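A short write-up of the structure that comes next.
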């Protein structure tokens, strides 16, 4: 139905009814694709247009997200905001009707000349925060009427509402996913705490009991040196228990800590961490460190600092026995396109039979090396990555170093 044919009340009523049906369908849309499909179809059928485009703002560019036309237009392309009429419409928040596209200074003639377009009408999507535009195009000279613009504006208003609803639904889904991850981490905390009580701490208590029994036996001999040795061993076991309890509490606090998301310079954090490790290393030894430039991510800066500190210090420890230790930090997107990163070393590597315990708290399965620590570094790293909605995994072979990969989905 062409809007310019509104010569009778019945035709006007039919248009209003068709437009209402379309607006209702747009309001029910749950994805951007559904919104654009309804809009492009309505522009062509209700306005009798030869083409329709759906444009979204992408920073300082206009991105032509979708189209329906008698011949290809610009779907999938981006143009600078200041060089195209859709950018003008978004910036000025005004509708525009151009009868001759080759006689208007807002039209990039070189872009339009290869197309069928002779005339157009375009309206902004949204009022206060204009984030897009809807365009209608004609292959023959056409003077867009007030009814044309009214219909386009009705579609734009419906699209703005639908996009806002989709954004809210997406945000709710992210919140639910974050709560789900938090619940999973909390359950893991409980499991970790139970394991610590029933296994690790129980073993240390048995050790304390055995040493106490030995002291009672040594008391009969009156040997001060033997008594002092057993007392020192008891103290060591108690300190170990205290450290494990502190580590367990730290893991729990990490799971509960709210995140403050911002742009984070991971390259800078990696360099700072490696410089600190080098300054505090003893004995002194040259480590060949490589950090990629310009690696950034969205996330909590404090948590991501802790993440890199754990992964890089882990690499530093397990490569320390090499003649020339090597550590590398860089970026590599995951197979699904999610931003990905890695820490690589040429250290002891990981035995296949212990790889499953790699991120378990209080376990140190890397190459079986007797390295100091309480075994929570990799567990902490995994918790931080999971808290950001990503994943952490390792690729390695014994004697050939290890590479730890992690993803950090782009977060608002």
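Numbering (the working numbering), first residue to last: 150 to 561.
Positions of the beta carbon are idealized from the N, C-alpha and C atoms, including for glycine.
Since we're looking at a predicted model, the values are computed, not measured.
Annotation: residue 466 to residue 361 spans about 35 Å, alpha carbon to alpha carbon. In this structure, 250 is the residue among 316, 274 and 250 with its C-alpha nearest to the C-alpha of residue 291. Close CB contacts of residue 420 within its chain, under the 6 Å cut and outside five residues either way in sequence, are with 440 (chain order).
In this structure, residue 492 sits near residue 464, with a CB-CB distance shorter than 8 Å.
For residue 527, the uninterrupted alpha helix (DSSP H) run begins and ends at 526-536, by DSSP.
Here residue 476 carries a strand assignment [DSSP, helix/strand/coil]. Contact annotation, residue 283 with residue 308: C-beta distance approximately 7 Å; criterion of less than 8 Å satisfied. A contact between stretches requires three or more CB pairs, one per stretch, nearer than 8 Å, and the stretch 214-227 fails this requirement with the stretch 318-334. Straight across, the Cα-Cα distance linking residue 210 with residue 544 is about 39 Å.
Residue 266 sits buried, since 16 or more C-beta atoms from the chains shown fall within 10 Å of its C-beta.
The C-alpha of residue 312 is placed about 18 Å away from the C-alpha of residue 169. Taking residue 474 as the centre and dropping the five residues before and after it, the same chain places the C-beta of 436 and 468 closer than 6 Å to its C-beta, in chain order.
Nearest Cα to residue 239 within the set 552, 280 and 257: 280. The C-beta distance from residue 556 to residue 450 rounds to 18 Å, too long to meet the 8 Å contact threshold. Counting along the chain, residue 454 sits inside no beta strand (DSSP E); it lies in the alpha helix (DSSP H) bounded by residues 450-468. Taking the CA atoms as reference points, residue 246 sits about 46 Å from residue 489.
Comparing alpha carbon positions, the residue from 287, 163, 485 and 274 closest to residue 217 is 287. Only residues of its own chain outside the window of five on either side were considered, and among them 533 have a CB closer than 6 Å to the CB of residue 452, listed in chain order.
In the three-state DSSP reduction, residue 268 falls in the strand class (E or B).
Just so you know, the alpha carbons of residue 206 and residue 215 end up roughly 13 Å apart. Counting only runs of 3+ residues, the beta strand (DSSP E) found wholly inside the stretch 360-419 occupies 410-414, in chain order. The Cβ atoms of residue 551 and residue 485 lie no closer than 8 Å to each other.
Boundaries for residue 249: no alpha helix (DSSP H) harbours it, and the DSSP string shows neither H nor E there. Around the Cβ of residue 175, a 10 Å sphere holds 16 or more other Cβ atoms; the residue is buried. The straight-line gap separating the alpha-carbon atoms of residue 179 and residue 398 is approximately 42 Å. Annotation: residue 198 to residue 461 spans about 60 Å, alpha carbon to alpha carbon.
Between residue 302 and residue 272, the C-beta spacing is below 8 Å. In the three-state DSSP reduction, residue 315 falls in the helix class (H, G or I). Of 537, 529, 455 and 416, the smallest CA-CA separation from residue 477 is found for 416. No residue range can be given for residue 208, since it is assigned to no alpha helix (DSSP H) and is classified by DSSP as neither H nor E. The C-beta of residue 438 has 16 or more other C-beta atoms within 10 Å across all chains shown, which makes the residue buried. In this chain, the beta strand (DSSP E) harbouring residue 492 covers 489-494. Our two residues, residue 388 and residue 554, have alpha carbons roughly 34 Å apart in a direct line. The Cβ neighbour count for residue 189, taken over all protein chains shown within 10 Å, is at least 16; the residue is labelled buried. Counting along the chain, no beta strand (DSSP E) covers residue 223, and no H or E run does either.
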